[in-house]
Amino acid sequence: MRYPGNLGWSLPAAIAIATSATPTYAQAASFDIPASSLQAALDSFVRQSGLQLIYRVDQLENHTSYGVRGVRSTEEALREILSGTGLEARRFTSGAIAIVPAQPRRQKASVQALQASPG
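First residue of the sequence shown: 49, per the numbering used here; consecutive thereafter.
Now the structure itself:
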């Protein structure tokens, strides 16, 4: 069985949903997230931003983050945390934010063009 939204996940996979309150994705906040394992950095991000993230635990293994410090939009902070990991944050119309493998730039443009085309 596949997860809706074409994330390429099967339901039996280990999935973590980190939750807190529900502020706006573009809202600015002060972050103090040290370099650490990617999972620890994302958990700190959730606590400090109040956003909810969905990710597969096995995709975070063997990844580290440089962290982020200072005032940033939550979107910028998350992008910095994920920098160099091969993962990206994808926000859905439902408001859910999933951490998924990054798409190659050319493929992203094709997907965006398909989504924008009428029909």
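C-beta atoms are modelled at their ideal positions from N, C-alpha and C, and glycine is treated no differently. On a predicted model such as this, the values are computed, not experimentally measured, just so you know.
Under the 10 Å beta carbon count, ARG95 is surrounded by fewer than 16 other beta carbons and is classified as exposed. No Cβ-Cβ contact shorter than 9 Å links THR112 with LEU130. In this structure, the alpha-carbon of LEU101 lies about 19 Å from that of GLY132. Rounded to the nearest angstrom, the gap between the Cα atoms of ARG139 and ARG127 is 12 Å. Taking C-beta atoms under 8 Å as the contact rule, ILE147 and LEU90 qualify, at a distance of about 7 Å.
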